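Asker:
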Ligand SMILES: *[C@@H]1O[C@H](CO)[C@@H](O)[C@H](O)[C@H]1NC(C)=O
């Protein structure tokens with residue numbers, strides 16, 4: 110039993126990473142071709158309401174049965190990185206009895222050619238069509254709203270957790286949905302600021318059939334007597350939480366709590382670099398440690414000045430004014446040089462030691478992730494390197510593209 114669970118643990122750990130954002134780094138399935146689309150419009154800046162209300166009076170009984178996940182609209186880094194490699198996902202909604210206040214949800218998806226089934230319970234609420242997936246703490250609950258459905262062919266479902274929204278389009282069959290439904294979904298997603306770059310189509314073939322009991326994950330199993338160690342139990346529970354979150358709403362990478370701009374300022378060395386961007390794949394072998402000078406402006410923005418000494422003794426320099434957002438530790442800026450929009454978050458920081466900086470770069474509707482490891486010293490400890498590698502893997506960077514940079518002389522200060 111222990112052996113099975115160790116194996117389960119390992120795979121579940123991997124799954125967390127993948128499912129955390131409903132995507133899979135390794136799977137080989139290709140997405141279905143996207144239907145023809147209208148040219149992207151400028152996203153309307155429309156604040157996301159507290160919670161979407163169902164568009165109609167939902168009859169939960171008629172929602173039971175099989176639903177194939179066709180498309181997810183989400184801003185998860187993991188999905189952005191691996192959106193073309195998501196695995197076929199199918200859900201089976203069942204009720205134990207009409208009077209029962211719950212909906213059983215079995216999700217089948219694949220990881221590394223292995224089919225898994227995850228069992229969840231959605232609680233009904235007094236509002237028809239509005240459901241609740243309970244988290245470990247109330248603030249981690251996920252609100253689920255069946256926003257629009259005809260019961261027979263499609264359903265548009267909202268998942269909201271910690272203020273983040275994921276919208277999913279489900280279909281009763283794997284055949285492509287009608288164009289009007291796709292258009293409806295896209296328009297709806299666009300209203301919530303999910304442009305085409307944030308729509309992830311799922312494969313419509315190779316769904317899992319029967320899943321053997323060793324690969325069924327449910328909370329009930331976690332409470333079973335076979336897990337004696339408290340630590341083990343906690344680990345599993347934590348993973349379950351990650352999975353739950355994964356299966357429902359994709360949480361964005363959040364900046365660190367209590368971000369302190371003043372303490373972030375000063376000189377840093379960029380000692381780690383991780384991105385799947387093609388330019389990096391081509392040039393990573395030649396990249397070395399560079400410096401970053403961070404200056405806090407009076408308005409709360411961050412002046413970034415980067416410098417790297419080239420092999421020929423010249424200096425490559427770049428500056429950005431990273432503008433603060435309403436979330437401390439999150440900044441945005443437009444790069445003139447690369448013509449891209451940058452959404453940057455300080456994810457983890459010990460101000461006199463290191464900082465993990467996660468940036469989503471978007472150009473012409475295509476996004477990619479760049480993680481940087483900032484260090485106050487030119488060399489990062491092994492522990493820090495590991496932390497950076499782990500974080501980068503979790504945000505979907507391939508291990509080959511996670512680089513601890515070799516030492517380098519510095520550019521003169523300007
Ligand atoms: C959906 O789940 C129910 C209850 O477990 C089961 O009886 C039914 O066969 C499932 N449907 C499919 C297609 O797997």
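Residue numbers (my numbering): 110 to 523. The beta carbon of each residue, even a glycine, is placed where N, CA and C say it ideally should be. This one's a predicted model, so the numbers in the text were calculated from it and none came from an experiment.
1) Using beta-carbon positions only, say whether residue 380 and residue 487 come within less than 8 Å of one another.
2) CA-CA distance, residue 207 and residue 266?
3) Can you name the start and end residues of the alpha helix (DSSP H) that residue 501 belongs to?
4) Look at residue 179 and residue 310 and say whether their C-beta atoms are less than 8 Å apart.
5) Check for me: the alpha helix (DSSP H) holding residue 50 runs from which residue to which?
6) Taking 7 Å as the cut-off, is the CB of residue 426 close to at least one heavy atom of ligand 1?
7) Please list, in chain order, all residues of the same chain as residue 303 whose beta carbon is under 6 Å from its beta carbon, the five residues on each side excluded.
8) Assuming residue 198 contacts residue 213 under a Cβ cut-off of 8 Å, what Cβ separation, rounded to an integer in Å, is found between them?
9) Hey, out of 470, 464 and 420, whose CA is closest to residue 515's CA?
10) Is the beta carbon of residue 229 sitting closer than 8 Å to the one on residue 240?
11) Flag this pair as touching only if the segment 448-458 and the segment 466-477 have three or more C-beta atom pairs under 8 Å; answer yes or no.
12) Comparing alpha-carbon positions, which option in 476, 269, 394 and 258 lies nearest residue 247?
13) Only counting the same chain, and skipping five residues up and downstream in sequence, which positions put a Cβ closer than 6 Å to that of residue 518?
14) Ligand 1 and residue 454: does any heavy atom of the ligand fall closer than 7 Å to the residue's C-beta?
15) Use the C-beta contact count for residue 219: other C-beta atoms within 10 angstroms, 16 or more gives buried, fewer gives exposed.
16) Tell whether a beta-carbon distance below 8 Å holds between residue 485 and residue 457.
17) What's the gap between the Cα of residue 501 and the Cα of residue 495?
18) At a threshold of 7 Å, does residue 513 count as lining ligand 1 (C-beta to nearest heavy atom)?
19) Does the structure place the segment 384-395 close enough to the segment 422-436 that three or more beta carbon pairs sit under 8 Å?
20) So does residue 326 have its beta carbon nearer than 7 Å to some heavy atom of ligand 1?
21) Between residue 324 and residue 195, what straight-line distance do the alpha-carbon atoms span, to the nearest angstrom?
22) Taking 8 Å as the threshold (C-beta atoms), are residue 261 and residue 232 in contact?
23) For residue 174, count the other beta carbons within 10 Å of its own beta carbon; 16 or more makes it buried, fewer makes it exposed. Which is it?
24) Indicate the three-state DSSP secondary structure (helix, strand or coil) for residue 316 in the structure shown.
25) Assign residue 452 to one of three DSSP states: helix, strand, or coil.
26) Going by other Cβ atoms of all chains shown within 10 Å of its Cβ, with 16 needed for buried, is residue 424 buried or exposed?
27) Per DSSP, what kind of secondary structure is residue 255 in: helix, strand or coil?
28) Which first and last residues belong to the beta strand (DSSP E) in which residue 429 is found?
29) Taking the Cβ atom as the reference point for each residue, do residue 225 and residue 320 lie within a distance shorter than 8 Å?
30) Here's a check: name, in chain order, each residue in its chain whose Cβ is nearer than 6 Å to the Cβ of residue 513, leaving out the five neighbours to either side.
31) On the DSSP letters alone, give me the boundaries of the beta strand (DSSP E) that residue 402 sits inside.
32) Taking only heavy atoms of ligand 1 into account, decide whether any of them is closer than 7 Å to the Cβ of residue 211.
33) Tell me the DSSP secondary structure of residue 388 in three-state form.
34) If we call anything under 8 Å between Cβ atoms a contact, is residue 511 one with residue 383?
35) For residue 406, is the beta carbon positioned less than 7 Å from some heavy atom of ligand 1?
36) Can you tell me the Cα-Cα spacing of residue 434 and residue 441, whole angstroms?
Answerer: Let's see:
1) yes
2) 22 Å
3) 491-503
4) yes
5) Nothing can be reported for residue 50: it is not among the residues displayed for the chain, which extend from 110 to 523.
6) no
7) 182
8) In fact, because the Cβ distance is near 17 Å, the residues do not count as touching under 8 Å.
9) Nearest of 470, 464 and 420 to residue 515, Cα basis: 420.
10) no
11) yes
12) Taking only the C-alpha atoms, the option nearest residue 247 is 269.
13) 418
14) no
15) buried
16) no
17) A direct Cα-to-Cα measurement between residue 501 and residue 495 gives close to 10 Å.
18) no
19) no
20) no
21) Their backbone Cα atoms lie some 19 Å apart in a straight line.
22) No. Outside cutoff.
23) exposed
24) coil
25) strand
26) exposed
27) Reduced to three states, the DSSP call for residue 255 is strand.
28) 424-433
29) yes
30) 381 and 494
31) 399-405
32) no
33) In this structure, residue 388 counts as helix in the three-state DSSP scheme.
34) yes
35) no
36) Take the alpha-carbon of residue 434 and the one of residue 441: they are about 7 Å apart.
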